[in-house]
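These protein sequences, in sequence, are chains W and V. Per my numbering, the first sequence runs over residues 339 to 635. Per my numbering, the second sequence runs over residues 223 to 642. Report on the following structure.
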Amino acid sequence: MLVVNNVSKNFGKFCALNDVTLEFGNGVYCLLAPNGAGKTTLIKMLATLIFPSSGEICYNGTNIVKMGENYRDILGYLPQEFGYYRNNSPKQYLLYLAALKLIEKEKAKKKIEELLELVGLIEVSDKKMRKFSGGMIQRVGVAQALLNDPKILILDEPTAGLDPKERVRFRNLITEVSRDKTVIFSTHIVSDVESIANQIIMIKDKSVYYRGDIETICKKIDGVVYEAEMEFDTLPAFRQQYLSLSEKQENGKMRVRFICGEAPDESWTKVSPSLEDAFIEIYSDAIAADSDLPKEQ
Amino acid sequence: MRLKLYEIKKITASPIIYVLLIAFIAINIKVIAGNTYYRNDMKVLNSITDRFGYKINDSMLVNFKSYYSGELGKMNALAKERTSKTYKTAYDFLEDSDNYKTSLYSQKELDDIKRLNIIENYYSIAVGIDAKYGKIDIKDMGDEQIKTYGLSGAAAATVRGEYESLAIRFAQLKANGEEKALFFIGQIYAMHSFLFATVFRSMIFEIMILSVLIASHFANFEFENKTQALAYSTKRGRKLIYDKLFASILVCLGVTTVLIGVTLAVYFSVFDYSHVLNIPISSAFMQEANRSYISWWNMSFIQYLFAVIAIVYVCEIIFMSIAFCIATIIKNNYIVFAVFALILCASYMLPSLMPRNSNIIFATSFSPFILVLNPQLLFMEKGAFSTFKYYEVITDCVWAALMAYLCAFCTKRFQKSDIC
Ligand SMILES: Nc1ncnc2c1ncn2[C@@H]1O[C@H](COP(=O)(O)OP(=O)(O)OP(=O)(O)O)[C@@H](O)[C@H]1O
Ligand SMILES: [Mg+2]
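Here is the structure:
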């Protein structure tokens, strides 16, 4: 059991996370939050790359920093951005990481073979990684996280840059490996979540906003989500009035999905809310404020 | 061990280290090649030592003199026959432009007389040593230094003390007859400063550049390649920094060995030192300008060479660890270089900023950066601030201990620092 206890993290004067408390048992957890919310910050603390400014993170009652290599031994981690050595083949690269994970060479070789098969890179296992596409690199990253059969698998935006086919493969892979494991992954791609996560964790205003299953969060906006068709020129005024969730063109008109807390117009149709709707609703204030800022790296 | 090997591969796989190493060796060879015009003249010494040995004493001087007079007689006989002139020395002969008129003397004859002139130089210096060394007053040298640097108070007293103990050593040196040994004439060939000042100093700074490069390359390798999040979250984790320190030391030693090894191999294959390896380093023949080389220990040339090499090794490890410590804090290799250069400059400036009447000024001279500035003066009298008998040993030991502590501190600090 991995427990995050009243953890805050400051970078100098800037507070990235404030008083976060969470518990992770076995299962697949998804950190769902927009850019810059602090997902990576939380994950880096879980990977002991950065240390909480206050509070502590414990695994089975022991502080993970104190556990040191015993903790990192059961940890598999895929960073959001990770470098690789361009002249290495996946095999060489994984062998090196296995050495860093203090896995015996012979054992590592066997495991690497298995994992490359699992992520579908076995044919290119001796090709130099400089020729790899982003998705292939990402899969090498997933493979390295699994090298040491981790009890805790932490993946920071694992599906970023994967095409839909690869995403499906990734989802299956997670479901396959997640037995008896704690899997924590972050994303802001809602469709990834719906299919694999048992639990979602939403971070807002530097702290945990929601923790639970998908149905519950969707229920929060049940009954206030509508769809309507309208002319283009009425749209700007409409947007001012209601929170628009999605818009698309249909037969020369606009089909708008939106939230309305008041009595609805009879031309509107009530629809059942999706996780995406909930996400946009929850972060609507932040999205409005952020929309003209450059995207955080 | 596997991880240490992986670490070492990180630098041996990078071409920059080879490029620099080859470039530096090429520079050194060019420097050595630029000095080869003496090469044949220097061989004359070998024939002298073959005949009389390198130790200068009364019986040797008698033999040397009779040999020299004999050769001079032969020269004059030849001169008398051709021009009915005689000369007091071979030098006078060579100065007389009449002797170069066409086909008066064959090239071989002129070459022999040039050779005799060189023998003559050795002889005249050899007979003058006693007089010259009798006049050297070490305490005066100390007072001179005090005046030059305007020292007073405790600082002046320290320098006086230094030179007093040097005076005792100098008396010993003379009693041992260390100054009375043949070596390539310093005033003509300046081989001591060529080897130790020119060649060694450039090697030292070349290795310094390589050491800093190696240390920062190792310490920041993951950050440069953006693999830090992966590497430092593995089981080995931040302890990897210890493997890096180990690899840095090893590679630094290797690079030092290769650079010094190749350069010296070239040097000694160009200049034949085989006959002078055992002559004392304080030989009067070493003297180039005004300064006689007075070493604190009775060392032969070869012992001195190895002692200097040992000092270079220790200093390079010290430089490497300074860079390593900086690199555990600063993640940008260029800035690591800049900070190192700043420390280098600061340590050169520091002594000049100190009060001239207190002993603090000496403390600031005990720095490896200053130590390597004049490798030709290691273990010798070298001015007010660093003539101390154990200057080299103390500087190296104190700084090695300091750097060991700082490395321990920085690697420990690294264990607790955020990796972003
Ligand atoms: N090393 C750091 N120094 C200063 N500020 C930082 C540092 N790392 C992160 N931050 C700040 O902390 C906040 C949270 O960043 P974080 O990377 O955790 O967000 P994120 O949720 O992972 O975003 P994204 O979806 O873009 O990856 C951001 O405002 C970021 O600017
Ligand atoms: Mg992130």
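Even glycine gets a Cβ: it sits at the ideal position worked out from N, Cα and C.
As a beta-bridge residue in DSSP terms, S522 of chain V pairs with V:P502. In terms of side-chain proximity, the C-beta atom of A354 of chain W is found nearer than 6 Å to a non-hydrogen atom of ligand 1. Judged by DSSP in its simplified three-state form, I368 of chain V adopts helix. Rounded to whole angstroms, the gap between the alpha carbons of D280 of chain V and V349 of chain V is 9 Å. Contact between I347 of chain V and A312 of chain V fails: their C-beta atoms lie close to 15 Å from each other, not under 8 Å. Annotated three-state conformation of E446 of chain V is helix, per DSSP. A straight line joining the alpha-carbon of G374 of chain W with that of F636 of chain V spans about 26 Å. Under the three-state reduction of DSSP output, M363 of chain V falls in the helix class. Residues of the region 376-397 of chain W with a C-beta atom less than 9 Å from some C-beta of chain V are K382, A385, T386, L387, I388, F389, listed in chain order. Counting only runs of 4+ residues, the alpha helix (DSSP H) found wholly inside the region 558-604 of chain V occupies 582-585, 590-593, in chain order. Contact check for K542 of chain W and I441 of chain W: beta-carbon distance about 39 Å, past the 8 Å limit, so the pair fails to qualify. Residue state for S438 of chain V is assigned as helix, using DSSP reduced to three classes. CA-to-CA, the gap between N321 of chain V and I341 of chain V works out to about 20 Å. Under DSSP, N348 of chain W takes part in a beta bridge, and its partners are W:C353. Look at L484 of chain W: its C-beta is not under 7 Å from any C-beta on chain V. Contact check between the region 600-615 of chain W and the region 563-570 of chain W: three or more CB pairs, one atom from each, fall below 8 Å, which counts as touching. Contact note: G421 of chain W reaches chain V through N447, K448, T449, using a C-beta cutoff of 7 Å and chain order.
E394 of chain W and L491 of chain W have their C-alpha atoms roughly 19 Å apart. Contact residues of the region 456-468 of chain V toward chain W are T456, K457, R458, G459, K461, L462 (C-beta to C-beta distance below 8 Å). When C-alpha distances from M339 of chain W are compared across W:K558, W:N401, W:K382, the shortest belongs to W:N401. Residue nearest to R382 of chain V within the set V:C632, V:T609, V:L624, V:D318 is V:T609 (criterion: CA-CA distance). Here C368 of chain W is near I538 of chain W, since their CB atoms are less than 7 Å apart.
When beta bridges are read from the DSSP output, K608 of chain W appears opposite W:Y564. Remark: the C-beta of K553 of chain V is outside contact range of ligand 2, defined as less than 6 Å to any heavy atom.
Taking the C-beta atoms as reference points, Y422 of chain W is found nearer than 7 Å to M467 of chain W. According to the DSSP secondary-structure assignment, T271 of chain V is paired through a beta bridge with no residue.
Residue-level contact by beta carbon fails for R635 of chain V and chain W, as no gap is shorter than 7 Å.
Contact annotation for Y627 of chain V against chain W: no contact, minimum CB-CB distance about 23 Å [criterion: below 7 Å]. Non-local beta-carbon contacts of I597 of chain W in its own chain, meaning distances under 7 Å to residues more than five positions away in sequence, involve I559, V562, V563, Y580, L581, L583, E619 in chain order.
Relative to ligand 1, A623 of chain V has its C-beta separated by 6 Å or more from all heavy atoms.
Interface with chain W (7 Å Cβ-Cβ cutoff): D640 of chain V is included. Residue environment: M571 of chain V is assigned as exposed (fewer than 16 neighbouring CB atoms within 10 Å of its CB, all protein chains considered).
For N348 of chain W, the shortest C-beta to heavy atom distance toward ligand 1 is 6 Å or greater. Within chain W, the residues whose beta carbon sits less than 8 Å from that of R224 of chain V are A437, K443, listed in sequence order. Per DSSP, reduced to three states, the secondary structure at N343 of chain W is strand.
Separation of I410 of chain V and G483 of chain V (C-alpha to C-alpha, rounded to the nearest whole angstrom) is 27 Å.
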